[in-house]
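Enquirer: Add 6 to a position in the sequence shown, counting from 1, and you land on the number used in my numbering.
C-beta: ideal position from N, C-alpha, C; glycine also.
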Amino acid sequence: MAPSNTRIFSLPTAELHLHIEGTLEPELVFELAENNGVALPFDSVEALRERYQFTSLQSFLDLYYDCMSVLQTRADFRTLGERYLERAYEQGVRHAEIFFDAQAHTIRGVDAEEVLDGLLDALEAGARKGISGGLILSFLRDRPVAEALETLESLAHRAGDLLGVGLDSAEVGYPPELFTPVFARAKELGLRLVAHAGEEGPAAYVREALDLLGAERIDHGIRSLEDPELIERLRRERIPLTVCPLSNVKLAVIPTLAEHPILDLLDKEILVTVNSDDPAYFGGYLADNMAGLVDAFPALDGALERLARNSVEASFASDERKAELHALIDEWASRA
Ligand code: ADE
Ligand code: ZN
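1) What residues does the ligand ZN have around it, judged by CB closer than 6 Å to any heavy atom, in chain order?
2) Using three-state DSSP, classify Asp307 as helix, strand or coil.
3) Would you be able to state if there are at least three C-beta pairs under 8 Å between the stretch 55–64 and the stretch 163–170?
4) Mind checking whether the beta-carbon of Gly390 lies closer than 7 Å to any heavy atom of the ligand ADE?
5) In this structure, does DSSP put Phe48 in helix, strand or coil?
6) For Leu77 versus His111, is the C-beta spacing smaller than 8 Å?
7) Kindly list the residues whose CB is nearer than 8 Å to the CB of Leu334, restricted to its own chain and excluding five residues on each side of it in sequence; keep chain order.
8) Can you look up Asp217 in the DSSP assignment and give me helix, strand or coil?
9) If you measure from the CB of Glu177, is any heavy atom of the ligand ADE nearer than 7 Å?
10) On the three-state DSSP scale, how would you describe Glu326?
11) Can we count Leu63 as close to the ligand ADE, meaning its CB is less than 7 Å from some heavy atom?
12) Assign Ile276 to one of three DSSP states: helix, strand, or coil.
13) What residue range does the alpha helix (DSSP H) around Gly132 cover?
14) Determine the DSSP secondary structure at His266, reduced to helix, strand or coil.
15) At a cut-off of 7 Å, would you count Tyr70 as near the ligand ADE, judging by its Cβ distance to the nearest heavy atom?
16) Taking DSSP as the reference, what is the three-state secondary structure of Val259?
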């Protein structure tokens, strides 16, 4: 690790855009396939890794959902969560708000509570090591709205174990508006609201997510830049964007990291945060994303503290935990 990377990897951050199923490393796919007697359509870890060349969000999602077939028991989800939290900790993450795609498991016959309990086990283990966090039940927007509502109702008695709800999967053609009743019910249950919008879809989806779903945070949101009035609103209302640079390049949303709009978003005073999305598939965890950006934009080195503080401000951590996270950043800044 280069000296500047040591600084980046020790920067205390909050990860706010992370799909736990997207942390399923090829080695774990094979380990769980063997434990659970699941036949895989790839011969080896290397053969699976060779498939990690995507041309769009959908081309990634096809493989992402296929690999999940190995996740079957509470223990599997605990292992998945623990391995992510260990890797994230090594990259400076001290608070993680984690998406899980319950429907991708229930439609295969896995009980949503097994998923939830396994991930809560992992978070408990993470808390003992110094990472706080919570779980965000994310609805698959390319599946029926009624199924999302059923999933939410099936976990309504566990609302206290959830931080919030989100909206993900194939974006174009599935506008946020469709999910208005689902988000209204989630709000009634006291859950926090976030949504993917403006990744491949237009800026209008970001507006819908804010106005119709009541989203408090927008996941990706980079296409908001096409709508100056929307950008001004995001700035004025301090609505966070959880940006995922390596993901954007891997999914061909942006041609290269050097063309990523992170500096533009910072210049426009947007509450932007850096996150890893699906790190097992996109070539890196949170600090790898930061390091890639600093490589592409050396000027960003001076904005690392701001990005870390943005992640704390944009999080749903308690005020007390936020103060602790800011104190960790103070300590980092005094060493830097
Ligand atoms: N599910 C997992 N990763 C995703 C992404 N980048 N966009 C939408 N849905 C996802
Ligand atoms: Zn995502």
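Expert: Let me lay it out:
1) His23, His25, Asp174, His202, Asp225, Asp283
2) Taking the sequence shown and counting its residues from 1, one reaches residue 307 at position 301. Three-state DSSP puts Asp307 in a helix.
3) no
4) Here the chain comprises residues numbered 7 to 342, so residue 390 is not present and cannot be evaluated.
5) Counting from 1 along the sequence shown, the entry for residue 48 is found at position 42. DSSP places Phe48 in coil when its eight states are reduced to three.
6) Here residue 77 refers to the residue found at position 71 of the sequence shown. Here residue 111 refers to the residue found at position 105 of the sequence shown. Yes; because the gap between Cβ atoms is below 8 Å, this pair is in contact.
7) On the sequence shown, residue 334 is found 328 positions in, with the first residue counted as 1. These residues qualify, in order along the chain: Pro18, Arg100.
8) By 1-based counting over the sequence shown, the position of residue 217 is 211. Correct three-state label for Asp217: helix.
9) As a working note, residue 177 is residue 171 in the sequence shown. Checking the Cβ of Glu177 against the ligand ADE gives yes.
10) Numbered from 1 along the sequence shown, position 320 holds the residue referred to as residue 326. Glu326 falls in the helix class under three-state DSSP.
11) For the purposes of this step, residue 63 is taken as residue 57 along the sequence shown, with counting starting at 1. Yes.
12) Within the sequence shown, the letter at position 270 stands for residue 276. DSSP places Ile276 in coil when its eight states are reduced to three.
13) As a working note, residue 132 is residue 126 in the sequence shown. Where Gly132 is concerned, the enclosing alpha helix (DSSP H) stretches over 118–135.
14) What you label residue 266 is simply residue 260 of the sequence shown in a count that begins at 1. Here His266 sits in coil by DSSP.
15) On the sequence shown, residue 70 is found 64 positions in, with the first residue counted as 1. True, at least one ligand heavy atom lies under 7 Å from that Cβ.
16) Start at 1 with the first residue of the sequence shown, and residue 259 comes out as number 253. Three-state DSSP puts Val259 in coil, outside helix and strand.
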